Structure formats: C-alpha cells, structure tokens
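Student:
Numbering (UniProt numbering), first residue to last: 1 to 240.
1) Out of curiosity, what's the CA-to-CA distance linking residue 250 and residue 169?
2) Excluding the 5 residues preceding and the 5 following residue 108 in the sequence, name in chain order all residues of the same chain whose CB lies nearer than 6 Å to its CB.
3) Could you spell out where the beta strand (DSSP E) holding residue 105 opens and where it closes?
4) State the Cα-Cα distance for the pair residue 202 and residue 13, rounded to the nearest angstrom.
5) Find out if the Cβ-Cβ distance for the pair residue 162, residue 134 is shorter than 8 Å.
6) Rounded to the nearest angstrom, what separates residue 56 and residue 63 at their Cα positions?
7) For a quick check, are the C-beta atoms of residue 40 and residue 174 less than 8 Å apart?
8) Quick check on the burial criterion: 16 or more other C-beta atoms within 10 angstroms. Buried or exposed for residue 93?
9) I need the DSSP call for residue 219, collapsed to helix, strand or coil.
10) Span of the beta strand (DSSP E) holding residue 211?
11) Quick check on the DSSP output: the alpha helix (DSSP H) that includes residue 113 runs from which residue to which?
12) Which one or two residues does DSSP pair with residue 191 in a beta bridge?
13) Determine the direct distance from the alpha carbon of residue 98 to that of residue 60, and round the result to whole angstroms.
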C-alpha cells in the first residue's frame, strides 16, 4: 500500500511521521527504511522505565542495567542518492519472508526530488530505464513485503504514473491558521488536522486531529529534528 502525505511547510507532516515512527518501532516492532530523514535511534529504542530504574540504582550505588527495549523495529537511514530499486529488492531478499505483506515500511521525505516530472525527464537522458524501473517496483512493492509513505507538499509535484499507484492521500493542515484556531497560539498549543482521502476516487474517508504542547514538543523533537539541516549548514559555515 502506498500512502501520500501532503501539505504545505509547517502543516504537521513531520510531526505526524514522528508519531508514526514511534508507534511502528516501539509497539508494532516493524522495520522502517527512512529516506532523506534522520531520527534519534537511541531515543526510540530506550525504555523510560529502565532509565528511571537506573536513576534509583545510581543513588543506591548499584550497577546500571541496559536501558534498551528487548524487542523493537530496526531503522535503516539512507540518502536520496543511495535510493534505487536494486537496493530495495536486495533488502527484501535478505530480510523478508515470501507471501507476507507489510513487513517493512519505506518512508521517503521530499519525494519530488527523485520523482518529479522534471527529474524523471532528466534522469531518463542518462538512464533510459529509470522511470520504468520505479514504476515496476512500486506496482509490485506489496509482493516484496513493503508498504510505502511518500511525503511531498503537493501531489502534482510527483510523476503522473507514480501518482496513479497511490492508495491514500493524507492532507495536513495547521488548525491554528484557521478562524478560532488563532486563539490556541495564546496557550502555545499547535493543533493539526490530517484529512484522509481515498486517492483513486478522491473520496474523503476521515479526519484525525493531533496537537503539540510545550510539554510534548521536546518529545517529538528528540525523535525527529526538522531543523537539523539548517543546524548542519550553520555548523559548516562556522568551520569555513
């Protein structure tokens, strides 16, 4: 199954993905391939209860215990320039069992950088089969044991033939930007809406609301820092 996560910058896509990764890794014990995203692996696989126990043991001058969870989903992070169909097929051959769907999740951020109509056209000049390979892989991804989440600002930024393979479109909106939602800014509460559509017939099938408060924002920032690229850029400037 291919789900498309869309929305303007600041609409809550990254926050929703952070929530999703937390649930899949810690509770569903599912493996995730992250493309063009970095998360805090240690934070995701660390037990808060065991950390609390270690604080008590430290006061009692006892040896600390391992704070990692006993069972959790694995996370594999790769860059966009490392992503290709052969890598994903080799991964499936190595880690997946035949006949079981949804064994691993592929999450691709800023997917227009590899699948926009312009990129597809340019890639085809260098590699004539680039587009066909991706279309074939995404047509058969379920048979290889994958589910996919594709993230971009707008569906028209993605090649038309790839869009035709989308099952759902999750459109994100920041509620604070609408009407009474402005008042939430006074309490430093950010509320987001995730409107779900069945992509093929553009039928609305539901809406989810989720919020971030001053107390929960630290938690999500520890999972996924959306400003990491800017921080890295500033670090390079200082070195230069």
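Glycine included, each C-beta is placed from N, C-alpha and C at the ideal position.
Since the model is a prediction, treat every value here as computed from it, not as a measurement.
Tutor: Result, derived from the coordinates:
1) There is no way to answer for residue 250, as the model of the chain reaches only from 1 to 240.
2) Here residue 108 corresponds to residue number 108 of the chain shown, with the count starting at 1. Non-local beta-carbon contacts of residue 108 in its own chain, meaning distances under 6 Å to residues more than five positions away in sequence, involve 35 and 150 in chain order.
3) Looking up residue 105 in the chain shown gives position 105. Counting along the chain, the beta strand (DSSP E) containing residue 105 begins and ends at 104-108.
4) Position 202 of the chain shown holds residue 202. Position 13 of the chain shown holds residue 13. A straight line joining the alpha-carbon of residue 202 with that of residue 13 spans about 20 Å.
5) Residue mapping note: residue 162 aligns to position 162 of the chain shown, counting from 1. Residue mapping note: residue 134 aligns to position 134 of the chain shown, counting from 1. Yes, the Cβ-Cβ distance between residue 162 and residue 134 is below 8 Å.
6) One-based indexing of the chain shown puts residue 56 at position 56. One-based indexing of the chain shown puts residue 63 at position 63. Spanning the two alpha carbons is a distance of roughly 11 Å.
7) As a first step, residue 40 is located in the chain shown; it is residue number 40 there, counting from the start. As a first step, residue 174 is located in the chain shown; it is residue number 174 there, counting from the start. Going by C-beta atoms, residue 40 is not nearer than 8 Å to residue 174.
8) In the chain shown, the residue the question calls residue 93 occupies position 93. It counts as exposed.
9) For the purposes of this step, residue 219 is identified with residue 219 of the chain shown, where counting begins at 1. Residue state, collapsed to three classes: helix.
10) Residue numbering aside, residue 211 sits at position 211 when the chain shown is read from its first letter. Looking at the DSSP string, the run of the beta strand (DSSP E) that includes residue 211 is 203-212.
11) Along the chain shown, one-based indexing puts residue 113 at 113. Per DSSP, the continuous alpha helix (DSSP H) segment holding residue 113 begins and ends at 112-115.
12) The residue given as residue 191 occupies position 191 in the chain shown. DSSP lists 211 as partners of residue 191.
13) If you number the chain shown from 1, residue 60 lands on position 60. If you number the chain shown from 1, residue 98 lands on position 98. The alpha-carbon atoms of residue 60 and residue 98 are separated by roughly 50 Å.
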